[in-house]
Structures are given as structure tokens and as C-alpha cells.
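As C-alpha cells, the structure follows; a few thoughts come after it.
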Amino acid sequence: MKSYIVQLAATRLLPVTLILSLLVFYRGHNEPGGGFIGGLMAAAGFIFYAMAYDTAKAEKKLRVSPLMLIVAGLSFAFISTLPSLFAGNPFFTGEWISLNIPLLGKLKLGSPLLFDLGVYLAVWGVIITIIFNVMEE
Amino acid sequence: MILPALPILIPLLTIILLLFSFQRREWQPWIGLTGALLQLALALFLAIQVKTQGILVLHTGNWEAPFGITLVVDAFSSIMLVLAGIIAVSVSIYSMDAIDRQRQSFFFYPMVQGLLMGVNGAFVTGDIFNLYVWFEVMLTASFVLITLGGEKKQLNGAIKYVSINLVSSLFFLAGIGLLYGKTGTLNMADLALKLSLADNNVLMNTSAVLFFVAFSIKAAVFPFFFWLPASYHTPPVAITALFAGLLTKVGIYSMIRFYTLFFVQDKLFWHPLFLWIGGFTMVIGVLTAASQYDIRKILSFHIISQIGYIIMGLGIFTVAGIAGAIFFMAHNIIAKTNTFLVAGLINRITGSYDLKKIGGLYKIRPWLSILFIIPAFGLAGIPPLSGFFGKLILISAGFDAGEYVISFIALAVGLFTLFSMVKIWNEAFWKPRPEGLSPFEGENEKLPVSMVIPVVFLGLITLTMGFAVKPILEIAMNAAGQLLDPKIYIQAVLGL
Amino acid sequence: MEILLAIVIGLLYAAGVYLLLRRSIVKLILGIMFFSHATNLLIFVSGGLHKGQPQFANDGINAVSSNPTDPLPQALILTAIVIGFGITAFFLALMYRFYQVTGTEDLDDLKEGENK
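Chains as they are written, first to last, in numbering that gives the first Met the number 0: chain A, 0 to 136; chain B, 0 to 495; chain C, 0 to 115.
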């Protein structure tokens, strides 16, 4: 299935899916979306890339190993529990800060976002690991 | 207040560190061991805290019960956490030399910690859906562990293990769904409150039966035990020891928790059922064990038989009965893991688990026979070892409650257990080596220290539990008292 | 609507049990997937169905209706689906590996290897 058209499409679509996945991820707070779906979309981009070329090229394009994505995801999820401790609230309480950025307006950041980022990375890594392993067989 | 969450967070942090240092294989055992030691230390600390301050409750995310997920450590949970910690430490030490390099470098240690995270999570959670999630965490890790290495025999066992356990998880999930539909809550304390107020609703029994089937499959109770002897003897013995100690006991833990906290309305139906099931589990487990010749298979069938005793304690449903069940469970987790670890040592020397192919071990390793006798006779119930007192408490509780049949069955099963243990001892240690057999592979090798330490450690605990029955029984009594008075739990969680 | 879904759940369970009892491992996995879908639907129905009455609403734009849908079962199903997805992926990989090692996907052939 080494078609030049598919390869070109996969190369062009990869950044698009990544940006879209980040958008879905960010929108996940008050609207449908979130880390899980975002992670799936990010993985989908790389899976398409691997289908067009092969898994080795896709892994090279990813730069970090899928395992490191999972580790980073777990770490972010773990770190997201820490702010509640420093704030003296019960474990896992969502802690929020509001930033006023000129142009963009108000930006709310908080530990649930960090947790969601962890989910995003972990899902991304897990899906890629599974699919790439199956594709290599 | 983060204490009740720590039994989950420590394994999680250990997993992160293990995956970070994935390339450095020689670090992995030590990181895993450190995590296990921390868990044991934390569990002991939690047990002291529970003793002095009462039930520890944590409303995660500042969501009050019954809306958020509540983590609860009561006396029973804290006992189970300590036991899980002991098994974690022993298996982590044992696997340093017992697990081959290929398996070690393929996620063995992260998966062991993942399993512990699931087990600990199941012990501390106060929310039934969260319990389901921890079950799945534990099962997923165990799926990977049982297939690790990918030998044909292992894959054979794994397919049965995975499919049966998935079906049981789905029963559990269906039970949660129906219960939520009827009560509108998932919090265990809130459920207990709502079910105690509801008039005896027949609809509750549909959920109760679904939970019963689900936990029975996980705990390998009659008639749902067939997957256990078909799969437990296939992976390396360190993994089997970990499974034998912890996995079935999580099913039993959940059963005791559910049927003391909230499914207590229909006593006339459930308690005789538990006694029947317990009796059948004991008898069938021990009889099938007697016909086996593979050490690991004999021990696997004994896991089933001994789960019958715990179910019997639940069926008696007095403070002494439940305390007996808890004491017996503690004894059984320690001794059962230990017998598997000794089986691993025998295999290391002789290269086989088949009793027909080994013999005369007493001559070449006399001290190994001592190490085997302690847990084996403990399981059989020889005084002054822990199993004797476990059975004594259960049987006397049975007589006190007027349940004579089950008590006599328990006595008789004890004899058969002794028969199996003596059989292993006779065949492996006492009888002369079968003729025409070449010298054993590891006959002149020294056993690795790391494989002997946990066996000695667990043996010492079995001895201590035998000699210090009174204080340990008091702890169990305290836990049983808490379990049989759900008001304490409800008050601690809901603050009513 | 509830009755229709109840029938669908029953059919899915029946199909799941039928497939679980077949000898082929592929069908076993399909059976477990049917089981899991039936269970998810069961949770969905058990929360109660209310058409077009969302639990969450923006301030002032559309106020919360008097008889809102319970969002919790849907969250539970999402969790269960994710878990089911991961485990199905694992089981499929396990089956593939089993097929590679033994050259069969018939569960009856499992028995032969049991006592060796």
C-alpha cells in the first residue's frame, strides 16, 4: 500500500491532526472533548502515517518512544495531584488560577488540565504502542 | 489528609520510576523492592493510625460523600493492606533471581507494581464503581504477568484465565448498573444506609446475586473455580505465588465487605447459601488436590479448599466467625505464598515440579524440608502454627453458632489437607530418589540468598502468628466488630 | 424506549452467551465484546431515559429542566468502554500470539497441552 498520494496526504495531515487534537483537548473543559479523545486523534495521525510509510518511519517522526509518552502521561497525572496538597485541600482537589493574557483574554489553568494532559499523553502512547506492535507482526 | 490515597500513589510513583529507568535493567529490582518496602511501612503506619484514630476517610477532590469517590481505610482494609505489603516485599525479593532476564526486562516489575496498585486500590476504595476500576487495573496487570514469556503452556492457561475473569468483571459491572438504577448511589456507606431503610426489596437480590457470582469467580469459589487450577501452575512460580496470595483474596475481601456492609437484609437466604458453598468449596478443592502429582497443582487446588474456610466464616456471621475468617485469610495469604515459594526452591534444585521425578531432598537439603514444613503444616493446621488457630477459631465459632455440619466438614477437610501436605513432604523429601534418575540439575549449586530470605521471612511470620495468637486475634476481632456494625462505617464516611 | 432497549440488551446477552460457548477463540472474543456492550447498555438504561432534558445548561440560556437526565451512568459507561477497549486489544493480541505458537484457534485443542 505504498501509494505516493497517500504518503503525501499522511505527511500533510499529520500536523493538522496534531493541532486539531490539541484544540479538542483544550476545549474539553466545558464542552465535549478532552484528553482521551485528543489522545486518540493524535494517535490517529501517526497511525495513518505508519500505514502510508511503515512503523519505523512513523516512530522516527514521533522522535520520542511511545513508552516515554506513557511515562510522561503518568507523571503529569501524578504531578496534578500535588497542587491540592500544597493548598491544604483534600487530595485531588482541582486548583485553578486565572491568567489575564492580552489579546487572548482570560485563560484558566488548573490541576485538572494537567491531569487531562496526562490522559492525553498516556492514551496517545498506549494506542500507538498497541497498533504499532500489531502492525509490525 | 492524603494518607488513604498513599497505598495507590506509592505503586503509581514506583511504576513511573520503573518506566523511566527502563533501559537500566539492573536498577529495576531495586526500585521495585523499594516501592514494596514503602508500601509495607505505610500499611503498618496506616494500621496504627486506624487503631488510634478510628476509620480514616478521604473525600477525593473535595467532593463530599456520596457524590465523589471516597477512600476509606478501616480496620479490615488496614489488615489487608499490611498483608499485601508483606507479599509485595517477599515476591519482590524472590523474583530478583527467580525470574529470568528476558521476563525482567519485559515490564515484569512495572506490572507487579500495577497489580499491587489495583489490589491496594480495591482495599481502600469506598465506592463500588471505583472498586470495579481497581479490579480491572489488577486484572490487566495480571493478564500481562500470566502471559509474560509467551510459552505455549502459559498461553493455554492465559486464555481460560482472561476469558473467565472478563466475564466475571462484566457480571460485576451489570450488578453495579442495576444497583445504581435502584438506589441512585455508588458510595458504599450511602448504599448501606439506603438499603437498610428500604423495605426488604426482592429487586436487590438480582444485584446481590450478580455480585456474588462475580466475586465467586474472582475468588475461585465452588462452582466457579475451574479456571484457577487450569491457569495458576503455568507462569513462573514467583508470579503464581503473587497471584495465590493476593488475587483470589481481593474477591473474598469484596465479598466480605459487600455482604457485611449492605446486603444484610436477606440473611435467611444468604447465610445458609454461604455455608453450603463454603462446605462444597472446601471438600471439592481438597479432594481434587489429593489426586494430583504436580506440586503447583496440588497447591492450586488447596487455594480453593482454603477459600471455603473463609466463606464459612462469612456464613456463620458472628463476630467470632468473621474474626476467624480474617485471621484465617491472614494466615492463608502468608502460608500459601510461602508454599509456592518453597516449590520454586524445589524446582531450582531438581528442575521439576513433578513429585514422581523428585525425591530424597531431605538427604541433600535438610533445612529446606524445615522451610517447607512450616507453611505446609501451617496450612494443614498443626499446632502451634497459625493455621491451627485459624481453624480452631472458625470451628469453635461454628459450634457456638450451632452450625455443626459445616464445622465437622471443616475438621475433616483439615485431615485431608494434612494428607496432601504430608504427600508432598514424603514424595519430595523423604522417599529415596527414584531409580534411574540422573542427578538433579542444581544439586550442588547454592540456592540464591534472595530466594531463601523471603521464605524464611514468611515462615517466621507463620510461626509468630502461631505463638502470638492473642494480640493478632484481638486485631481481627476488632475488625470483625467494625464490619458487623455498619453504623460505624456509615458514620465515618457520611458524617451522620 | 426502555422496553426496546431491554429487548436489545437481552438479545446481545443471548448472542454473547452463544458465542462464548463456541470453540473458536475469535468467537469467544466477539462473545465477550457482545457481553460488554450489553452491560454498557444496561447501565445506560438503568440510569433512566429522559429525552432532550440535559443536566447541564448555561446560565440563563436554557435552565435545567425539571426532570433532568442523570449524567453519571454515561460517565460510568465511558470508563467501562475505555477499559473494555484496552482489554479487547490485549485479548486479540493474546489470541494472535496463541495462534502463532500453536497454529490453531480451536479451544478444544487447549486440552491437549494442559497436562504437559
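Just so it is clear, CB atoms sit at the ideal spot from N, CA and C, and this is done for glycine as well.
In its own chain, which residues sit with a C-beta less than 7 angstroms from the C-beta of Tyr292 of chain B, not counting the 5 before and 5 after it? On the second sequence, position 293 is the one that residue 292 of chain B refers to. Once the five neighbours on either side are set aside, the close Cβ partners of Tyr292 of chain B are Asp353, Leu354, Lys355.
Straight-line gap, Trp123 of chain A to Asp53 of chain A (C-alpha atoms, nearest Å): Here residue 123 of chain A refers to the residue found at position 124 when the first sequence is read from its first residue. Here residue 53 of chain A refers to the residue found at position 54 when the first sequence is read from its first residue. Each residue's CA atom was taken as its position, placing Trp123 of chain A and Asp53 of chain A some 18 angstroms apart.
To be precise: take each residue of the region 21-46 of chain B, compare its Cβ to all Cβ atoms of chain A, and keep it if any distance is under 9 angstroms. Which residues remain? Phe21
Among all the DSSP beta bridges, which residues are the ones paired with Lys107 of chain A? Sequence index remark: in the first sequence, residue 107 of chain A carries index 108 (1-based). Listed as beta-bridge partners of Lys107 of chain A by DSSP are A:Ser97.
Name the DSSP bridge partner or partners of Val71 of chain B? The residue labelled residue 71 of chain B in the question sits at position 72 within the second sequence. In the DSSP output, where bridge partners are listed per residue, Val71 of chain B has B:Val56.
Quick one: is Pro383 of chain B buried, meaning 16 or more other Cβ sit within 10 Å of its Cβ, or exposed? Here the question's residue 383 of chain B lines up with position 384 in the second sequence. Its Cβ having fewer than 16 others within 10 Å, Pro383 of chain B is exposed.
If you measure from the beta carbon of Phe19 of chain B to each beta carbon in chain A, is any gap under 8 angstroms? Taking the second sequence and counting its residues from 1, the one referred to as residue 19 of chain B is at position 20. It does: the Cβ of Phe19 of chain B has a partner Cβ on chain A nearer than 8 angstroms.
Boundaries (first-last residue) of the alpha helix (DSSP H) holding Trp275 of chain B: Reading the second sequence from its first residue, position 276 is the one you call residue 275 of chain B. Note, Trp275 of chain B: alpha helix (DSSP H), 266-289.
List, in order along the chain, the chain A residues whose C-beta lies closer than 7 angstroms to that of Ala4 of chain B? Here residue 4 of chain B is taken as the residue at index 5 of the second sequence, counted from 1. Per Cβ cutoff of 7 angstroms: Phe90.
Is the region 72-84 of chain A close to the region 107-125 of chain A, with three or more CB pairs under 8 angstroms? yes
Tell me, to the nearest whole angstrom, how far the beta carbon of Met94 of chain C is from that of Ile42 of chain C; I am working on the premise that it is less than 8 angstroms. Locating residue 94 of chain C in the third sequence gives position 95, counting from the first residue. Locating residue 42 of chain C in the third sequence gives position 43, counting from the first residue. Rounded, the Cβ-Cβ distance is 27 angstroms, inconsistent with contact.
Ignoring anything shorter than 4 residues, give me the alpha helix (DSSP H) runs that lie fully in the region 116-158 of chain B, in order along the chain. Every alpha helix (DSSP H) stretch that sits fully inside the region 116-158 of chain B and reaches 4 residues is listed by chain position as 127-146.
Quick one: what does DSSP say Ser23 of chain C is sitting in, helix, strand or coil? The residue you call residue 23 of chain C lines up with position 24 of the third sequence. Three-state result, Ser23 of chain C: strand.
Using three-state DSSP, classify Asp53 of chain A as helix, strand or coil. Against the first sequence, residue 53 of chain A aligns to sequence position 54. Looking at Asp53 of chain A - three-state DSSP - the assignment turns out to be coil, as it is neither helix nor strand.
Candidates A:Phe45, A:Leu84, A:Thr128, A:Pro89, of which the one nearest Ser20 of chain A by Cα: On the first sequence, position 21 is the one that residue 20 of chain A refers to. Here the closest residue by C-alpha is A:Phe45.
So, helix, strand or coil for Asp293 of chain B, using DSSP? What you label residue 293 of chain B is simply residue 294 of the second sequence in a count that begins at 1. Three-state DSSP puts Asp293 of chain B in a strand.
Would you grab the beta carbon distance between Phe221 of chain B and Thr280 of chain B for me? Rounded to a whole angstrom, and I think it's under 8 angstroms. Taking the second sequence and counting its residues from 1, one reaches residue 221 of chain B at position 222. Taking the second sequence and counting its residues from 1, one reaches residue 280 of chain B at position 281. About 4 angstroms; that satisfies the 8 angstroms criterion.
Any alpha helix (DSSP H) of 4 or more consecutive residues that is wholly inside the region 185-214 of chain B: 187-196
Measure the alpha-carbon distance for Pro82 of chain A versus Ala4 of chain B and round it to whole angstroms. Mapped onto the first sequence, residue 82 of chain A falls at position 83. Mapped onto the second sequence, residue 4 of chain B falls at position 5. Taking the straight line joining both Cα atoms gives about 15 angstroms.
Could you say which of B:Gly113, B:Val212, B:Ile255, B:Thr349 lies nearest to Leu165 of chain B if we only look at CA atoms? For this step, residue 165 of chain B is matched to residue 166 along the second sequence. The residue with the shortest Cα to Cα distance from Leu165 of chain B is B:Val212.
Can you name, in chain order, every residue of its own chain whose Cβ lies under 7 angstroms from the Cβ of Ala289 of chain B, other than the five neighbours on each side? By 1-based counting over the second sequence, the position of residue 289 of chain B is 290. So the list reads Phe415, Phe418, Ser419, once near-sequence residues are dropped.
Between the beta-carbon of Ala87 of chain B and the beta-carbon of Ala35 of chain B, is there less than 8 angstroms? Residue 87 of chain B sits at position 88 when you count from the first residue of the second sequence. Residue 35 of chain B sits at position 36 when you count from the first residue of the second sequence. Yes. Within cutoff.
Please list the partners that Phe97 of chain C has in chain B, where partner means a Cβ-to-Cβ separation under 7 angstroms. Working through the third sequence from its first residue, we reach residue 97 of chain C at position 98. Simply Leu154, Ile158.
So, Pro453 of chain B versus Ser89 of chain B, is the Cβ gap smaller than 8 angstroms? Position 454 of the second sequence, counted from the start, is the residue given in the question as residue 453 of chain B. Position 90 of the second sequence, counted from the start, is the residue given in the question as residue 89 of chain B. In this structure, Ser89 of chain B lies closer than 8 angstroms to Pro453 of chain B by Cβ.
Would you say Val25 of chain C faces chain A, with C-beta separation under 8 angstroms as the test? Locating residue 25 of chain C in the third sequence gives position 26, where the first residue counts as 1. Taking Cβ atoms only, chain A never reaches closer than 8 angstroms to Val25 of chain C, which makes this a no.
Selection of the region 69-89 of chain A by Cβ proximity to chain B, strictly under 9 angstroms: Ile69, Val70, Leu73, Ser74, Ala76, Phe77, Thr80, Ser83, Leu84, Asn88, Pro89
Ignore the nearest five residues each way along the sequence and tell me which others in Phe91 of chain A's own chain have a CB closer than 7 angstroms to its CB. Here residue 91 of chain A refers to the residue found at position 92 when the first sequence is read from its first residue. Answer for Phe91 of chain A: Thr80, Ser83, listed in chain order.
Express the C-alpha separation of Lys248 of chain B and Leu8 of chain B in angstroms, rounding to a whole number. As a first step, residue 8 of chain B must be located in the second sequence, where it is residue number 9. As a first step, residue 248 of chain B must be located in the second sequence, where it is residue number 249. If you take the alpha carbons of Leu8 of chain B and Lys248 of chain B, they lie about 21 angstroms apart.
For Asp484 of chain B, which residues does DSSP report across the bridge? To locate residue 484 of chain B, count along the second sequence from 1; it is residue 485. BP columns for Asp484 of chain B are empty, so no partner.
In the structure shown, what three-state DSSP assignment does Asp505 of chain B receive? Past the edges of chain B, shown from 0 to 495, lies residue 505 of chain B, and the structure says nothing about it.
Helix, strand or coil, according to DSSP, for Asp107 of chain C in the structure here? Within the third sequence, the letter at position 108 stands for residue 107 of chain C. In the three-state DSSP reduction, Asp107 of chain C falls in the helix class (H, G or I).
Contact defined as beta carbons within less than 8 angstroms: I believe Phe134 of chain B pairs with Phe170 of chain B. What is the distance between those atoms, to the nearest angstrom? By 1-based counting over the second sequence, the position of residue 134 of chain B is 135. By 1-based counting over the second sequence, the position of residue 170 of chain B is 171. Contact flag wrong, Cβ pair sits at about 11 angstroms.
Below 8 angstroms on C-beta distance, what does Val81 of chain C contact in chain A? Against the third sequence, residue 81 of chain C aligns to sequence position 82. The answer, in chain order, is Phe35.
Out of B:Ile283, B:Leu340, B:Pro234, B:Leu17, point me to the one whose CA is closest to Phe223 of chain B's CA. Position 224 of the second sequence holds residue 223 of chain B. Of the listed residues, the one whose Cα sits closest to Phe223 of chain B is B:Ile283.
Would you report the Cα separation of Thr239 of chain B and Gln6 of chain A, rounded to the nearest angstrom? Here the question's residue 239 of chain B lines up with position 240 in the second sequence. Here the question's residue 6 of chain A lines up with position 7 in the first sequence. For Thr239 of chain B and Gln6 of chain A, the distance between alpha carbons rounds to 48 angstroms.
Taking C-beta pairs closer than 7 angstroms, name the residues in chain C that Ile129 of chain A reaches, listed in chain order. For the purposes of this step, residue 129 of chain A is taken as the residue at position 130 of the first sequence. Per Cβ cutoff of 7 angstroms: Ala88.
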